[in-house]
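Following: one structure in structure tokens, then a few remarks.
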């Protein structure tokens, strides 16, 4: 894969002679089902938020849509960059991982990545749900569009979409010969090569291959050994085959593959609690003359280091080191999707199949100080299958536009962790010498799980006058889930699964299982008023749910009990306008929403009776989410400007827990501004200047810890490019991200009260670089 960029560059050079003959036709035609692209001479954007093509300004849903070309102008390289153009979307790390992320819309978000736990905001690639976000962040290359659907999407997108959905649509093969190569270099020894080759194989077949390789040194250094963390090192490619045998039939198959091998996140210690039982125990044992660590002193030293330095001191191979190697994070993600469209008279049949395999392994020191407090190794091996069949059509003199479908989903695999927790305390408390190998007390939590869902749905829009439309739909889902766990101390042959009285089961009886089935009916109704193409107003209500499940970290029957589905009733009022101002065009979209949110699933970290840190999902009562969203775009000649604002608030109406924060992973205020200027320079090339700014108010990164508060911050990105220099197809660009070098947290390990500390992961500092490209 390291050679992929060079190979594609060589291929482009070999066919560049032929490419000159195609120069006038070099721009690929929009795909048949193009999303977030210019739809007509008015500049309308076409979206598929209701599983069919519609104008962004006319669809009665709150949607932010960005074309791949617009993303390229901002220099977006991964999914996190979407926040600059869709500020209502918040993206944070999922736990401590740099290759997985948590999405938040309208105040709904979960930080748990376990199998059998689902996100309230779904991520879709080529119309297929990506149940696990591992590796998905790096898929943002050769993209046709990104759509951010806000609010409950329970009818057409199914279970779990209670906050919204993010739809990423890759570029599909076209009947034009085209190629592109882009190379970047930047600070932190970053180098990035992207390439794309589109080849028409026959009148009825086209092939498109794209890939990317990226390396960047980490921006945080462990001063104990000089090793860098928060690095990037991944290879990814995609191959798409499009067949159009005739009769309007179209079938596109996509194979994609990604591998990432990095040192992982730097867990920077940001708070310590001397009053916590574990930290207090260290002080007590030292007062007895025992030679145990002093975490408080180590934390104080940590605060004297630079902001991109920490002293992890891990992996020394000593007896307290239960692993003997340095932290790492490896992941592999590959999949196959197929979408086939067959017109049959007035109907259109559509089938979408998806398969994905995710493999993940990581090892991390979770405290960030030299003392061996808590560290964890995570492994996941998960595969998913999905199959969706749709029938779309019109009836009643074309006044009724409908879609009906059936859906099947299966996800299964293993998900587990082994961890070492306070080894010195474990040895001393049991009267063992401090020279005893700590590996004896390394525990293993996890197991296997299976989630299977079957659903049927029907939705339609009836235009009963020139100005009024009524849309309605319903979906019935059966969701089956099962879990098997076997928590243990493998080296000692000790079972960690406890009876109600606190005693452990024999090792031979350590495997325990549970299963459950849930049924749900979700629906939506929308009344739309559209007196002209320049004005759309709507009012809607939607019912959604997020699936129940099990915790694969359970160590007792109480913890292995199922958590139940969340239920959300949403109400939304929206207004969209388009105003022509001479040679300029102003578009606006405003939405007000209210969600009645019951049986809320919340993740809680704690320490069980055996001293093990546990992560449990439970249903905690009810809350109200409400807010407003506003998007505006001004297009005037060479100038484009967008302005976005999102407000959300949460009132927990029942079951508020001690120390609980209502807004977790969701800032109350978010603002985004983009400015773009594009103009041809006679005899030189096509100039493009882009600036984007995003602001987020304070945000709680953990449910219960006061120390997890991240203050508000703004990020500014700049990019300048000159394309098609002197008609050669060569381009050059310079860019800088996080211009003001903001220092902000994107995730925390929040166990301040339980284990006595908080460690944090930080966003990228200022990065900059140069780019050289060639395309035809």
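Residue numbers (mature numbering (1 follows the signal peptide of the UniProt record, and there is no 0)): -23 to -1, 1 to 753.
Each residue gets a CB set at the ideal place from its N, CA and C atoms; glycine is no exception.
Residues near residue i in its chain [Cβ-Cβ closer than 6 Å; skip 5 each side]
{"i": "residue 619", "result": "610 and 651"}
{"i": "residue 752", "result": "157 and 706"}
{"i": "residue 644", "result": "673, 674 and 676"}
{"i": "residue 334", "result": "311 and 360"}
{"i": "residue 98", "result": "80, 82, 140 and 141"}
{"i": "residue 323", "result": "370"}
C-beta contact flag for residue i and residue j at 8 Å
{"i": "residue 625", "j": "residue 604", "result": "yes"}
{"i": "residue 331", "j": "residue 363", "result": "yes"}
{"i": "residue 83", "j": "residue 128", "result": "yes"}
{"i": "residue 684", "j": "residue 675", "result": "no"}
{"i": "residue 522", "j": "residue 499", "result": "yes"}
{"i": "residue 40", "j": "residue 62", "result": "no"}
{"i": "residue 219", "j": "residue 242", "result": "no"}
{"i": "residue 200", "j": "residue 93", "result": "no"}
{"i": "residue 699", "j": "residue 709", "result": "yes"}
{"i": "residue 678", "j": "residue 722", "result": "yes"}
{"i": "residue 531", "j": "residue 490", "result": "no"}
{"i": "residue 203", "j": "residue 240", "result": "no"}
{"i": "residue 477", "j": "residue 421", "result": "no"}
{"i": "residue 37", "j": "residue 517", "result": "yes"}
{"i": "residue 216", "j": "residue 402", "result": "no"}
{"i": "residue 772", "j": "residue 749", "result": "The first residue shown for the chain is -23 and the last is 753, placing residue 772 beyond what the model contains."}
{"i": "residue 414", "j": "residue 296", "result": "yes"}
{"i": "residue 601", "j": "residue 557", "result": "no"}
{"i": "residue 388", "j": "residue 318", "result": "no"}
{"i": "residue 512", "j": "residue 426", "result": "no"}
{"i": "residue 758", "j": "residue 163", "result": "Nothing about residue 758 can be reported from this structure: the residues present for the chain run from -23 to 753 only."}
{"i": "residue 638", "j": "residue 562", "result": "no"}
{"i": "residue 235", "j": "residue 115", "result": "yes"}
Option nearest residue i by Cα separation, candidates the options
{"i": "residue 440", "options": "500, 372 and 703", "result": "372"}
{"i": "residue 672", "options": "48, 28 and 64", "result": "64"}
{"i": "residue 315", "options": "324, 365, 339 and 429", "result": "365"}
{"i": "residue 390", "options": "350, 428, 403 and 381", "result": "428"}
{"i": "residue 697", "options": "676, 717, 681 and 666", "result": "666"}
{"i": "residue 300", "options": "400, 165 and 108", "result": "400"}
{"i": "residue 549", "options": "569, 539 and 229", "result": "569"}
{"i": "residue 277", "options": "489, 265, 213 and 245", "result": "245"}
{"i": "residue 740", "options": "285, 49, 205 and 133", "result": "285"}
{"i": "residue 170", "options": "178, 194, 177 and 118", "result": "118"}
{"i": "residue 597", "options": "571, 621 and 544", "result": "544"}
{"i": "residue 50", "options": "733, 115 and 713", "result": "713"}
{"i": "residue 434", "options": "567, 487 and 380", "result": "380"}
{"i": "residue 682", "options": "661, 641 and 670", "result": "641"}
{"i": "residue 566", "options": "537, 599 and 623", "result": "623"}
{"i": "residue 423", "options": "298, 527 and 318", "result": "527"}
{"i": "residue 207", "options": "167, 173 and 541", "result": "167"}
{"i": "residue 616", "options": "602, 256, 560 and 466", "result": "560"}
{"i": "residue 725", "options": "48, 47, 69 and 28", "result": "69"}
{"i": "residue 30", "options": "178, 250 and 124", "result": "124"}
{"i": "residue 830", "options": "648, 453 and 534", "result": "Lying outside -23 to 753, the shown extent of the chain, residue 830 is not represented and no answer is given."}
{"i": "residue 103", "options": "230, 74, 175 and 198", "result": "230"}
{"i": "residue 546", "options": "520, 537 and 110", "result": "520"}
Expected contact under 8 Å - CB spacing of residue i and residue j to nearest Å
{"i": "residue 694", "j": "residue 225", "result": "Actually they are not in contact, since the Cβ atoms of residue 694 and residue 225 sit about 42 Å apart, beyond 8 Å."}
{"i": "residue 126", "j": "residue 106", "result": "Their Cβ separation, rounded to whole angstroms, is 13 Å, which puts residue 126 and residue 106 out of contact at 8 Å."}
{"i": "residue 237", "j": "residue 112", "result": "6 Å"}
{"i": "residue 269", "j": "residue 262", "result": "5 Å"}
{"i": "residue 96", "j": "residue 58", "result": "Contact doesn't hold; Cβ gap of about 19 Å is too wide."}
{"i": "residue 352", "j": "residue 396", "result": "7 Å"}
{"i": "residue 450", "j": "residue 436", "result": "3 Å"}
{"i": "residue 763", "j": "residue 349", "result": "Any answer about residue 763 is impossible in this case: the structure gives the chain only from -23 up to 753."}
{"i": "residue 497", "j": "residue 542", "result": "6 Å"}
7 Å Cβ shell around residue i - same chain, five flanking residues per side excluded
{"i": "residue 657", "result": "663"}
{"i": "residue 16", "result": "Only weak support is given to the placement of residue 16: the predicted model assigns it a pLDDT of 38, under 50, and the value that follows is read from those uncertain coordinates. Closer than 7 Å at the Cβ level, and outside the excluded window around residue 16, lie 22, 23 and 32."}
{"i": "residue 191", "result": "169, 209 and 211"}
Contacts around residue i, its chain only, beta-carbon distance under 8 Å, and the 5 residues preceding and following it disregarded
{"i": "residue 492", "result": "457, 458, 459 and 460"}
- prompt: Which parts of the region 439 to 478 are runs of the alpha helix (DSSP H), unbroken and 4 residues or longer, counting only runs that do not cross its ends?
  reply: None, since the region 439 to 478 contains no complete alpha helix (DSSP H) of that length.
query: Fully enclosed by the region 522 to 572, which beta strand (DSSP E) runs are 3 residues long or longer?
result: Qualifying beta strand (DSSP E) stretches, in chain order: 543 to 558.
Unbroken stretches of the alpha helix (DSSP H), 4 residues or longer, contained in the region 268 to 296: Complete alpha helix (DSSP H) runs here, min 4: 272 to 279.
- prompt: Unbroken alpha helix (DSSP H) runs of length 4 or more, entirely within the region 598 to 627: which are they?
  reply: Listed in chain order, there is nothing to give.
message: Quick check for students: name the residue ranges of the beta strand (DSSP E) that lie wholly in the region 76 to 135, counting only runs of 3 or more.
response: The region 76 to 135 contains these whole beta strand (DSSP E) runs: 78 to 81, 98 to 102 and 120 to 127.
Continuous beta strand (DSSP E) assignments of at least 3 residues falling wholly in the region 343 to 430: For the region 343 to 430, whole beta strand (DSSP E) runs of length 3 or above, ordered along the chain, are 351 to 372 and 377 to 398.
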